[in-house]
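Here's the structure, in structure tokens; my notes come after.
Residue numbers (this note's numbering): 100 to 255.
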């Protein structure tokens, strides 16, 4: 790789770090109305989007965050009545998690608000730019997941 590409990849990584911080802070404000944080929203989203109820390790792998971080949020979501633990036939000590009815309503409200937000800002971006961003960020995720040993495990 030439140094020009390396510099651009470094700029992309720095932009991702900055955006991550900004999204966490923005998300905390965005979720506050529903009594959530960005971390809980992230974990709720992983469970809501999973084709079947996932375990904590599956959520962590899907979201690229630590098991301990996921477990902390899952415990809080269970205490708040937004998640329920289900038996895991494959592993007795690692339950599966699903949204409760209250969790589904909360996630639906949050998702509707998110959709309104992205609709409002989507005109700032071309479809080609968004497609390119998805390709580059997905490729970077793939490379770093493979190198970290987490692979590309999903929630299934």
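Heads up, the beta-carbon is just placed ideally off N, CA and C, and yes, glycines get one too.
Asked                                                                                                                : Found
Member of 121, 185, 123 and 127 whose CA lies at the smallest distance from the CA of residue 199                    : 185
Whole-angstrom distance between residue 112 and residue 118, CA atom to CA atom                                      : 10 Å
Limits of the unbroken beta strand (DSSP E) element including residue 197                                            : 195-198
Beta-carbon proximity of residue 173 to residue 206, cut-off 8 Å                                                     : no
Residue 181 in three-state terms, based on DSSP                                                                      : coil
Distance between residue 153 and residue 123 (C-alpha atoms, nearest Å)                                              : 23 Å
Own chain partners of residue 166 with C-beta closer than 8 Å, once the 5 adjacent residues on each side are dropped : 155, 156 and 159
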